[in-house]
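Numbering (this note's numbering), first residue to last: -2 to 89.
Built from N, CA and C at the ideal position, the CB exists for glycine as well.
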């Protein structure tokens, strides 16, 4: 995992990282899981999304993201770009 992504959510290592469900609202998790399954099943695709996620300490983060199917060292993988848009959202 990317150290910057771990830090964004308040973690120092993958081992300390809990279940992905803890990062988002239940309805958002179900939607994200279905999108992930579709991209990995089709071995193609790209999605853009935005929404609220949660830091390890419980405070809300507003993120914009882009997820794309890739192959990494011959294996299927998901490339995810995250933009922390929390401050801009708070200012509006």
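Residues that residue i bridges to, as DSSP identifies them
i          : result
residue 57 : 51
residue 77 : 64
residue 44 : 64
residue 72 : 69
Coil, strand or helix - residue i by DSSP
i          : result
residue 82 : coil
Option nearest residue i by Cα separation, candidates the options
i          : options        : result
residue 36 : 2, 73, 12, 52  : 73
residue 58 : 12, 47, 68     : 47
residue 39 : 65, 77, 54, 14 : 65
residue 84 : 56, 7, 69      : 56
residue 87 : 8, 49, 70, 69  : 49
residue 23 : 63, 51, 14     : 51
residue 20 : 33, 77, 68, 54 : 54
Separation of residue j from residue i, as counted between CA atoms
i          : j         : result
residue 15 : residue 6 : 11 Å
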